[in-house]
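Structure first, then comments.
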Amino acid sequence: MTDLTRMTATDLAGLVASGETSAVEVTRAHLDRIAAVDDRVHAFLHVDTEGALAAARAVDERRAAGEQLGPLAGVPVAVKDVLTTKGVPTTVGSKILEGWRPPYDATIVQRLRAAGTVMLGKTNMDEFAMGSSTEYSAYGPTHNPWDTDRIPGGSGGGSAAALAAYEAPLAIGSDTGGSIRQPGAVTGTVGAKPTYGGTSRYGLVAFSSSLDTPGPCARTVLDAALLHQVIGGHDPRDSTSIPQPVPDVVAAAKLGATGDLTGVKLGIVREFTGEGAEPGVMAAFRESVDTLAKLGAEIVEVSCPHFRYALPAYYLIAPSECSSNLARFDGVRFGLRVGDDGNRSLEEVMSLTREAGFGAEVKRRIMVGTYALSSGYYDAYYGQAQKVRTLITRDFTSAFEQVDALISPTTPFVAFPIGARTADPYQMYLADLFTIPTNLYGGPGISVPCGLSEGLPVGLQVMAPTMADDRMYRVAAALESVVGTFTPPAL
Ligand code: GLN
Numbered sequence: 000m001t002d003l004t005r006m007t008a009t010d011l012a013g014l015v016a017s018g019e020t021s022a023v024e025v026t027r028a029h030l031d032r033i034a035a036v037d038d039r040v041h042a043f044l045h046v047d048t049e050g051a052l053a054a055a056r057a058v059d060e061r062r063a064a065g066e067q068l069g070p071l072a073g074v075p076v077a078v079k080d081v082l083t084t085k086g087v088p089t090t091v092g093s094k095i096l097e098g099w100r101p102p103y104d105a106t107i108v109q110r111l112r113a114a115g116t117v118m119l120g121k122t123n124m125d126e127f128a129m130g131s132s133t134e135y136s137a138y139g140p141t142h143n144p145w146d147t148d149r150i151p152g153g154s155g156g157g158s159a160a161a162l163a164a165y166e167a168p169l170a171i172g173s174d175t176g177g178s179i180r181q182p183g184a185v186t187g188t189v190g191a192k193p194t195y196g197g198t199s200r201y202g203l204v205a206f207s208s209s210l211d212t213p214g215p216c217a218r219t220v221l222d223a224a225l226l227h228q229v230i231g232g233h234d235p236r237d238s239t240s241i242p243q244p245v246p247d248v249v250a251a252a253k254l255g256a257t258g259d260l261t262g263v264k265l266g267i268v269r270e271f272t273g274e275g276a277e278p279g280v281m282a283a284f285r286e287s288v289d290t291l292a293k294l295g296a297e298i299v300e301v302s303c304p305h306f307r308y309a310l311p312a313y314y315l316i317a318p319s320e321c322s323s324n325l326a327r328f329d330g331v332r333f334g335l336r337v338g339d340d341g342n343r344s345l346e347e348v349m350s351l352t353r354e355a356g357f358g359a360e361v362k363r364r365i366m367v368g369t370y371a372l373s374s375g376y377y378d379a380y381y382g383q384a385q386k387v388r389t390l391i392t393r394d395f396t397s398a399f400e401q402v403d404a405l406i407s408p409t410t411p412f413v414a415f416p417i418g419a420r421t422a423d424p425y426q427m428y429l430a431d432l433f434t435i436p437t438n439l440y441g442g443p444g445i446s447v448p449c450g451l452s453e454g455l456p457v458g459l460q461v462m463a464p465t466m467a468d469d470r471m472y473r474v475a476a477a478l479e480s481v482v483g484t485f486t487p488p489a490l
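What the sequence shown shows, in numbering that gives the first Met the number 0, is residues 0 to 490, in sequence order.
And the structure:
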């Protein structure tokens, strides 16, 4: 019998809808797979076996009653532990929220449930989504299914690894500087960061509110588009949510899959010279550019002179917003409380709780952000970074007057060995060299597998104008139609 864990979400939904298999069978197959491999991968922080089986049973009952099912009904999904799930532990990879069971579902989780998808559990991540390797999780690292001595990217390494290890056909991530796309690239999976405001942040534990964007992760471009369609769209509970429907990303993925890019103009960013990137990554990228040209795309070079300032600007803006957002973790309202013995002041309890509850990288960001926002330094740091952000947005605007979409490698290097970049924070920050400009601008970006370097996956990034998410799906699906999907050596 076919292994259900190897199938696409599209095919699984078809089998469930036709009654050839049941949602319960599909769910059990994935729970069994998790039981078999997750001690080696550690993609999950929490597996909700009972909740998953109950959700699957409900789908099977609705089908038996003759109800019309949605396009992803009965398909399992793994959710990054950054989204609140009612009654199901939500830690954001941090000790400070250990044991917290939120009283409500994030909008995205609500939409996943309403669509009949089956939530398998919560995936591992760098603490508060700060990191590029999942090594900053307070619960231990996730391992890359391609080589378990290597990192699966981050912060959403758990979601990407769950896909690559066939523990889930779909997953949810969040992308503040690259945390959906970079894990996608280094695990040979697809990760899409929607337009900022195109997916709801309600119930997403905040890191940097002007950048945070939840989005879909999958093994194929079409599966990512189907998931994007289910989770996206206006949410009145998020004040920055865009009151417009999601562009038709599913139609765009299907169009791209025909392999015809005639009339599509793609830009290569001149300033992304490849400096700091591995030669094998650049080689795979160049080969993909040739492939896209053969499919009919016109390729031109465009200049985005301010992209080189994106990384420093991001590392002022994101920590500044985080220093404010994380003030709410004070030991009073949620999760951990340390030192509350009746003799200590409120300030002492807060301080002991934050000292014990936050890891080193989170503390570093809070300190950098507090400094950058302090009166006297605000103009020199935070204010300056905001000006750079405007210039980067102008670079994108002028680039998109010349081309339909931009392409680049997703990340400068393939999955690195666990421990290789933790000693120097800057080495870790470099992982997002190519992904961060898009976050500062607010547009959509997708990573699609494009080749191998040293036997490890390389991703190609497609960046599109805001609310033109469909364009990036078309280009990514066209490349996938030639390159195919990626399977790691057996675990
Ligand atoms: N790696 C980047 C950081 O550490 C991006 C993280 C993210 O997108 N959540 O901030």
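Idealized CB from N, CA, C, for every residue including glycine.
Rounding to the nearest angstrom, what Cα-Cα distance links residue i and residue j in this structure?
i      : j      : result
His41  : Pro140 : 7 angstroms
Asp259 : Val299 : 18 angstroms
Glu286 : Val461 : 15 angstroms
Thr396 : Gln181 : 24 angstroms
Gly330 : Thr392 : 38 angstroms
Ala422 : Asn143 : 20 angstroms
Gly155 : Val91  : 10 angstroms
Gly187 : Asn123 : 18 angstroms
His45  : Gly152 : 19 angstroms
Thr352 : Leu226 : 38 angstroms
Tyr138 : Ser93  : 8 angstroms
Ser158 : Gly273 : 28 angstroms
Gly86  : Gly172 : 20 angstroms
Asp237 : Gln426 : 34 angstroms
Met471 : Gly50  : 34 angstroms
Val348 : Ile95  : 13 angstroms
Leu71  : Val337 : 43 angstroms
Ser373 : Gln228 : 41 angstroms
Asp378 : Leu291 : 44 angstroms
Ala404 : Ala64  : 45 angstroms
Leu221 : Ala250 : 9 angstroms
Ala419 : Val15  : 44 angstroms
Phe60  : Glu66  : In the sequence as displayed, the identity of residue 60 is Glu instead of Phe. Distance between the alpha carbons of Glu60 and Glu66: 9 angstroms.
Would you call the CB atoms of residue i and residue j closer than 7 angstroms?
i      : j      : result
Leu68  : Gly13  : no
Gly483 : Ala463 : no
Gly202 : Leu52  : no
Arg32  : Thr9   : no
Thr133 : Asp125 : yes
Thr437 : Thr194 : no
Ala384 : Leu315 : yes
Ala22  : Val76  : no
Asp247 : Ser240 : no
Ala495 : Ser452 : Residue 495 is absent from the structure shown; the chain starts at 0 and stops at 490.
Lys192 : Asp211 : no
Thr434 : Gly18  : no
Glu360 : Tyr135 : yes
Val36  : Ala163 : no
Tyr296 : Val263 : The sequence as given places Ala at residue 296; Tyr does not occur at that position. Their beta carbons are under 7 angstroms apart, which means Ala296 touches Val263 by this criterion.
Pro416 : Asp38  : no
Trp99  : Gly356 : no
Ala506 : Ala252 : Residue 506 cannot be examined here, being either before or after the span of the chain that is shown, 0 to 490.
Val117 : Val447 : no
Thr20  : Thr219 : no
Cys303 : Glu270 : yes
Ile230 : Ile107 : yes
Give me the DSSP bridge partner(s) of residue i.
i      : result
Ala297 : The sequence shown places Glu at residue 297, rather than the Ala named in the question. Per DSSP, Lys264.
Leu459 : Pro408 and Val447
Ile171 : Val78 and Pro215
Pro416 : Arg149
Asn143 : Asp146
Ser287 : DSSP output for Ser287 lists no bridge partner at all.
Phe43  : Thr122
Phe93  : The question names Phe, but residue 93 is Ser in the sequence shown. Ser93 is not bridged to any residue.
Ser452 : Leu455
Val87  : Thr84
Val117 : Pro75
Kindly give me the distance between the Cβ atoms of residue i and residue j, rounded to whole angstroms, as I take these residues to be in contact under 8 angstroms.
i      : j      : result
Leu265 : Ile406 : 5 angstroms
Arg473 : Leu119 : So it is not a contact: roughly 30 angstroms between Cβ atoms.
Tyr440 : Val387 : No, Tyr440 and Val387 are not in contact; Cβ-Cβ is about 12 angstroms, not under 8 angstroms.
Pro168 : Leu11  : 6 angstroms
Val457 : Val413 : 6 angstroms
Comparing the C-beta of residue i with each C-beta of chain B, is any distance below 7 angstroms?
i      : result
Arg343 : Of the chains in the structure shown, none is chain B; there is only one protein chain.
Residue i: beta carbon under 6 angstroms from a heavy atom of ligand 2?
i      : result
Ser178 : Looking at this structure, you won't find ligand 2 anywhere; what it does contain is ligand 1.
- request: With a floor of 3 residues, list each beta strand (DSSP E) that falls wholly inside the segment 241-269, ordered by position along the chain.
  value: 264-268
message: Give the list of continuous beta strand (DSSP E) stretches no shorter than 3 residues that lie fully inside the segment 184-234.
response: 189-192 and 212-217
task: Could you pull out every unbroken alpha helix (DSSP H) segment of at least 4 residues lying fully inside the segment 335-379, listed in chain order?
output: 345-356 and 359-372
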